[in-house]
Structures are given as C-alpha cells and as structure tokens.
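Notes to accompany the following structure.
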Amino acid sequence: MTAIFIIHGYGGYSKENWFPWLEQELVKLGHTVIVPDFPHPSNPKLEEWLEYFSQFPLDEDTIVVGHSLGGAFILSLLEQHKLKAAFLVAAVSGPIEHEVDAKIKTFTYKKFNWDAIKNNCKRFNILHSDNDPYIPLGQAQQLARNLDTTVALIKNGGHLNSKAGYVKFLLLLEKIKTIS
C-alpha cells in the first residue's frame, strides 16, 4: 500500500490534533503511515527539517499531508521530489500577520518554484477554514491559484486543530481514500 506522511506545523508534534486518529484510520486501510517529530518545532528552520526528513524514502506513490507550517514544508519538498498527492490543511505559504511570522520565515519568505511543484505532484487538496485565526483564507485561495486547484472550505473550523475541536477529521480521511 501507499506510504503516507503526516507533517505537523509550528510548535507541533506527532501526537497532537487529528494526527493519531488519522494515522490509526490509514493503518487500518493497510497503509504505511509515518508521523515524524521534526527538530525544534518552536524555532523551525527549513533546511534543518529537510535534512531530518531526508532519512525517509519517498517515491511517486507517496502521499503527504501537512498541517499549517507542514504545508509550507511540503511545498519545499515538492520542489525536489515527485509525489503522488499533497493534502495542505490550514497551510501557510507566505508571510502572515502573527507573532510567529519571524520564526517561520525560512519556510514562507521564499519564492516557491510553482512550475516544479506542479510538475512533481498532480493532485493537490487544500482544506481551509473560513475563520482560521492564523492563516487568512486569502492565502489559501492564492495557494489554490498557484497550484491550479480549489479550496475545500470548512465553515467555522478555526485552524483545523484540536483547539478548534479537530481530534478526528472525517473529510480529510475521505479525500485521502479517493486517492490512495
């Protein structure tokens, strides 16, 4: 079966939000699921995360799921690797008006190679809330334009994390099932 990676965001870790639930559901379906804990999540550096992630084998059948800063990480990963599909959940892809902006700029203050990203992944799914307190909906809409896709808009979903009530994420699971 397909290898699926779930990538946490800023200040995150593998056992938060809906990650353990999604991992369990995907394993039940026969997938290999890897949920890495990236180094220094509260002071992340893109190059450090990419180096850490290089230990994992990737191929054109790999699916990646990124939450928040994990989405920006996936975009950088896709500049170099061909993957089957990317799910970008409440993903940041540029500067934001929030106190963590300066801490995540190695991920977001860069010019993404959109042509390479689209060439390396043919299936993008963007899930975003209409009231995310950190990542504006406009950023998700711009990301969708850059990737030639659409945004699955979730009403009152906040940052689509456990604080917003997301310890399970059925819509995301169903979308992954259609591709895996």
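In the numbering used here, each number is its position in the sequence shown, counted from 1, plus 15.
Don't be surprised by glycine CBs; every beta carbon is placed ideally from N, CA and C.
Fair warning: this is a prediction, and the values are worked out from it, not measured in the lab.
- Annotation for A101: V79, I89, C136 and F139 place their beta carbon closer than 6 Å to its own, counting only its chain and skipping 5 residues before and after.
- For S91, the uninterrupted alpha helix (DSSP H) segment begins and ends at L84 to L93.
- The continuous alpha helix (DSSP H) containing A155 extends over residues L152 to L162.
- Annotation: the continuous alpha helix (DSSP H) that includes A131 extends over W129 to N135.
- Around the Cβ of Q95, a 10 Å sphere holds fewer than 16 other Cβ atoms; the residue is exposed.
- Using a Cβ distance threshold of 7 Å, L84 and V107 count as a contacting pair.
- Between the segment 178-190 and the segment 113-124 there are fewer than three inter-stretch CB-CB distances shorter than 8 Å, so the stretches are not counted as touching.
- By the neighbour-count criterion, in which 16 or more other beta carbons inside 10 Å mark a residue as buried, Y149 falls on the buried side.
- Pairing Y28 with D130, the inter-Cα distance amounts to about 30 Å.
- In its chain, beyond the 5 residues on either side, A87, V107, S108, G109 and P110 have a beta carbon closer than 7 Å to the beta carbon of T123.
- Less than 7 Å divides the Cβ of S144 from the Cβ of L175.
- Annotation for E75: K97, L98 and K99 place their beta carbon closer than 8 Å to its own, counting only its chain and skipping 5 residues before and after.
- When secondary structure is reduced to three states using DSSP, A101 falls in the strand class.
- In the three-state DSSP reduction, L142 falls in the strand class (E or B).
- Listed as beta-bridge partners of V182 by DSSP are no residues whatsoever.
- Between N146 and N128, the CB-CB gap reaches or exceeds 7 Å.
- V79 carries a strand assignment under DSSP once its states are collapsed to helix, strand and coil.
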